[in-house]
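*Asks:* Counting from 30, one number per residue, gives the positions in the sequence shown under the working numbering.
Just dropping this structure here.
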Amino acid sequence: SHSFNVHSPLKKEKVQDPPIEHDLYVTLEEIYHGCVKKMKISRRVLQPDGTSKKEDKCVSISIKPGWKSGTKVTFQKEGDQTKGKIPADIVFIIRDKPHVWFRREGSDLRYTARLTLKQVRIWQFSTSTTLPRNLI
């Protein structure tokens with residue numbers, strides 16, 4: 030018996046568009062407690078007739094307590110739809126908003142106290158507020 034090998038024409042593999050990155054600034058209080066941020070994504074969606082239409086979508090980002098600046102949250106294939114391509118991933122990169130009193134260094138918060146020479150000499154330090162609003 031003979032077997033025939035019928036080859037279909039080679040199909041081009043779809044290529045995914047590169048990720049689209051957005052910085053998402055959060056306060057130290059939001060990082061300390063955790064929070065949910067709602068973000069709107071606008072993208073082009075292919076229609077059955079081959080045209081595309083703008084579509085808005087709301088996504089929720091659950092920020093966990095203690096996340097570091099630079100943490101990435103990815104929504105796969107939520108970019109523009111185009112014929113013959115895989116939509117890009119949308120990536121939100123967590124960034125620290127500057128804080129009035131504190132700055133982050135790794136997992137630590139740093140606070141620089143401004144003291145007069147008199148306060149230092151007689152140990153009369155003023156009270157300070159911690160991030161969860163406790164006095165020390």
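Backbone N, C-alpha and C define an ideal beta-carbon position, used for all residues, glycine too.
Less than 8 Å between the C-beta atoms of VAL65 and SER89, yes or no?
*Replies:* Yes.
*Asks:* In or out: PRO116 buried (at least 16 other Cβ within 10 Å) or exposed?
*Replies:* Answer is buried; the Cβ neighbour count reaches 16.
*Asks:* Determine contact between the stretch 130 to 143 and the stretch 102 to 109, defined as no fewer than three beta-carbon pairs at a distance below 8 Å.
*Replies:* Judged by Cβ distances under 8 Å, the stretch 130 to 143 makes no contact with the stretch 102 to 109, as fewer than three pairs qualify.
*Asks:* Just to confirm before moving on: does the CB-CB distance between ARG72 and GLU58 stay below 8 Å?
*Replies:* No, Cβ-Cβ distance for ARG72 and GLU58 is not below 8 Å.
*Asks:* Name the two residues that bound the continuous beta strand (DSSP E) containing GLU107.
*Replies:* From DSSP, GLU107 is part of no beta strand (DSSP E); its letter is neither H nor E.
*Asks:* Please state the DSSP three-state secondary structure of GLN76.
*Replies:* Three-state result, GLN76: coil.
*Asks:* Put LYS67 into one of helix, strand or coil per three-state DSSP.
*Replies:* Here LYS67 sits in strand by DSSP.
*Asks:* Taking only the alpha-carbon atoms, compute the straight-line gap between PRO94 and THR80 and give it to the nearest angstrom.
*Replies:* The alpha-carbon atoms of PRO94 and THR80 are separated by roughly 43 Å.
*Asks:* Which residues bound the alpha helix (DSSP H) around HIS62?
*Replies:* Note, HIS62: alpha helix (DSSP H), 57 to 62.
*Asks:* Do LYS114 and LYS43 count as a contact pair if the criterion is CB distance below 8 Å?
*Replies:* Taking 8 Å as the Cβ cut-off, LYS43 and LYS114 qualify as a contacting pair.
*Asks:* Output the boundary residues of the beta strand (DSSP E) element that contains LYS82.
*Replies:* Run containing LYS82: 81 to 92, per the beta strand (DSSP E) assignment.
*Asks:* Can you grab the Cα-Cα spacing for the pair SER136 / LEU53, in whole Å?
*Replies:* Cα to Cα, SER136 sits roughly 19 Å from LEU53.
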